[in-house]
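Comments concern the structure below.
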Amino acid sequence: MGVETLRAERFTVESQEAVYTHPATGSVTNYLKVQRTQKNNIKTAEEMLEFATQYLGLLMINSKSGNAAV
């Protein structure tokens with residue numbers, strides 16, 4: 006798909022495999038299996054009500070997960 010920037014708390018390379026080596030230059034293309042760790046940023050109900058008031062947010066329920074959202 007091209008180049009994109011990935012963000013996470015931490016990345017861990019689980020495995021690496023050479024998938025192609027260019028015959029003329031010896032340049033290697035690698036496949037990396039990466040584990041991404043994302044920090045949860047859990048807020049209290051009071052913090053979220055304050056956030057909703059400050060930014061004119063709406064209190065909602067996510068239809069797919071059933072979780073509360075602002």
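Position in the sequence shown (first residue = 1) + 5 = the working numbering.
Positions of the beta carbon are idealized from the N, C-alpha and C atoms, including for glycine.
Note to self: How far does the beta strand (DSSP E) with residue 23 in it extend, from its first residue to its last?
What the structure shows: That run of the beta strand (DSSP E) goes 15-26.
Margin query: I believe residue 13 touches residue 41 by the beta-carbon criterion, under 8 Å. Please report the beta-carbon distance rounded to the nearest angstrom.
Written below: With a Cβ gap of about 4 Å, residue 13 and residue 41 count as contacting.
Item checked: Proximal residues to residue 36 (C-beta, below 6 Å), its chain only, five neighbours per side dropped -> Counting only Cβ-Cβ distances below 6 Å, and skipping sequence neighbours, we find 22, 24.
Notebook entry, point to check: Near residue 33, which residues of its chain fall below 6 Å by C-beta distance, leaving aside the five closest residues on each side in sequence?
Noted result: Around residue 33, the same chain offers 23, 26 as residues with beta carbons nearer than 6 Å, after the five sequence neighbours per side are excluded.
Check: Going straight from the alpha carbon of residue 56 to that of residue 75, what length do you get?
Finding: Take the alpha-carbon of residue 56 and the one of residue 75: they are about 8 Å apart.
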